[in-house]
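Residue numbers (the numbering used here): 2 to 262. Glycine included, C-beta positions come from ideal geometry on N, C-alpha and C. Note that this is a predicted model, so its numbers are computed, not measured.
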């Protein structure tokens, strides 16, 4: 178990991490958000009846909730029981819902009816799950839902649009820009105003923006490797380099401190 203890939760910047802890933290971050992006990409492209997209969808559905549970064990030093499994259920449902929601947005021009169905069903499913499993008032649960969905949605917008940018400059690059800033902004708002934690707006926002864009490029390359192989390989390499380098720059606290919980 990592030496990062629960005291990190009380003081985000009290513990200096070693290289191993930074890498583990990065892998958990990558797993959570990449999984959601794989769901978004896989669930829309199943219309093409592609085995590759079915595989991406299954991997995403498995990876996101597992990484979320591991994050709880790693960060909060909890055993895998009780509220952890509630978080597992919430994470699984919200990640699938966010995947439906963002996948529908990314492809609404190509498959309007199906995409509209995904957007509406994804939104309703995520909101209903949040209300059922969050032991908070409706107002607090709604705020959690909006910020959580925005966090997942931003990353998926980047990964879903990055390869298609060359085909439709305005709509796809607009989604890339929105997605790149939406995720870090939602995380910062959550930590500062909901979790009442210390946040360094300048440094943390830059770090999370680069991290989000990098992960979006990485997963976007994976999702579209069967469409544009060479470009996707470049995106995977650049995305990993950007996100991993950004993650290593956070010497104190954890990346998980800044994720929506």
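Inter-residue Cα distance where the pair is residue i and residue j
i           : j           : result
residue 49  : residue 110 : 16 Å
residue 55  : residue 75  : 30 Å
residue 202 : residue 193 : 9 Å
residue 164 : residue 70  : 31 Å
residue 88  : residue 24  : 23 Å
residue 247 : residue 241 : 10 Å
residue 34  : residue 66  : 10 Å
residue 100 : residue 38  : 6 Å
residue 251 : residue 94  : 30 Å
residue 212 : residue 30  : 9 Å
residue 126 : residue 90  : 12 Å
residue 156 : residue 138 : 28 Å
residue 58  : residue 133 : 25 Å
residue 229 : residue 72  : 33 Å
residue 64  : residue 92  : 10 Å
residue 140 : residue 195 : 12 Å
residue 113 : residue 102 : 13 Å
residue 46  : residue 120 : 15 Å
residue 86  : residue 22  : 24 Å
residue 32  : residue 68  : 6 Å
Three-state class that DSSP yields for residue i in the structure shown
i           : result
residue 51  : coil
residue 15  : In this predicted model, residue 15 has a pLDDT of only 47, less than 50, meaning its place in the structure is not dependable enough to derive any value.
residue 162 : helix
residue 106 : helix
residue 170 : The pLDDT assigned to residue 170 is 49, lower than 50, so where the model puts this residue is not dependable; a value taken from the coordinates is nonetheless given after this. Reduced to three states, the DSSP call for residue 170 is helix.
residue 87  : helix
residue 111 : coil
residue 252 : coil
residue 145 : helix
residue 246 : helix
residue 198 : coil
residue 231 : helix
residue 157 : helix
residue 137 : coil
residue 4   : Only weak support exists for where residue 4 lies, its pLDDT of 43 falling under 50; the coordinates are left without a value.
Extent of the continuous alpha helix (DSSP H) to which residue i belongs
i           : result
residue 23  : 20 to 46
residue 214 : 202 to 224
C-beta atoms of residue i and residue j nearer than 9 Å
i           : j           : result
residue 116 : residue 98  : no
residue 36  : residue 62  : yes
residue 181 : residue 206 : no
residue 160 : residue 27  : no
residue 184 : residue 154 : yes
residue 152 : residue 191 : yes
residue 124 : residue 143 : no
residue 188 : residue 209 : yes
residue 186 : residue 20  : no
residue 227 : residue 53  : yes
residue 162 : residue 107 : yes
is_contact[residue i, chain C] using C-beta, thresh 9 Å
i          : result
residue 71 : The structure shown has no chain C; it contains just one protein chain.
Note to self: Does the stretch 216 to 224 come into contact with the stretch 38 to 54, if we say contact requires no fewer than three beta-carbon pairs (one atom in each stretch) closer than 8 Å?
What the structure shows: Yes, they touch.
Margin query: I want to know whether the stretch 229 to 243 touches the stretch 212 to 219 - three or more CB-CB distances under 8 Å.
Written below: Contact between the stretch 229 to 243 and the stretch 212 to 219 is present, with at least three C-beta pairs closer than 8 Å.
Checklist line | Inter-stretch contact (C-beta, 8 Å, three-pair minimum) for the stretch 175 to 186 and the stretch 142 to 149 | finding: With a cut-off of 8 Å, the stretch 142 to 149 and the stretch 175 to 186 do not count as touching, because too few Cβ pairs lie within range.
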